[in-house]
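Novice:
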Amino acid sequence: IANDMGTHFTPSVVGFSDTELLVGDVAVPGKLKDPANTVIECKRLLGKKLGDEDLQEDAKRWSYPVVHDQNKTCVQVQYKQQKTAFSGEQLCGFVLKDLKGTAEA
């Protein structure tokens, strides 16, 4: 099944702004325009604790902070004019929801 951009690959990238949430290919340009609010490699957060060495190495490349929120390892971004923390599960859920919407269209 092709995604909404016509490709068979959807990057695990989620972008946040004051007005919207962007997922996949449409979020990729945000890596350059707004890196602090564009989460790349969101699957790398899954199952990781904040002190995990691999996660700490990954976090060095990211432009957004990794935080501990409600007993989960999360990334913190600016979304709808508020600092908001999202877990890896939430971020991957955004990607899967987008894929499901495309498949049902």
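If you read the sequence shown in my numbering, its first letter stands for residue 477, the second for the next number, and so on. Glycine is no exception: its CB is placed at the ideal position from the N, C-alpha and C atoms. None of the values given here were measured: they were computed from a predicted structure.
(1) Grab me the residues of P511's own chain with a C-beta within less than 6 Å of its C-beta, minus the 5 sequence neighbours each way, in chain order.
(2) Could you tell me which residues DSSP pairs with C550 in its beta bridges?
(3) Can A488 and V542 be called in contact, C-beta distance under 7 Å?
(4) Strictly by DSSP, which residues pair up with F492?
(5) I want to know whether the segment 479-486 touches the segment 517-535 - three or more CB-CB distances under 8 Å.
(6) Alpha carbon to alpha carbon, how far is F562 from K536?
(7) Is Q557 helix, strand or coil when you go by DSSP?
(8) Which residue's Cα is closest to the Cα of S493: D501, R520, Q558, C518?
Specialist: On the basis of the coordinates in this document:
(1) S539
(2) V543, S563
(3) One point to set straight first is that residue 488 is Ser, not Ala, in the sequence displayed. Cβ distance not < 7 Å, so S488 and V542 don't count as in contact.
(4) L497
(5) No, the segment 479-486 is not in contact with the segment 517-535.
(6) 18 Å
(7) coil
(8) Q558
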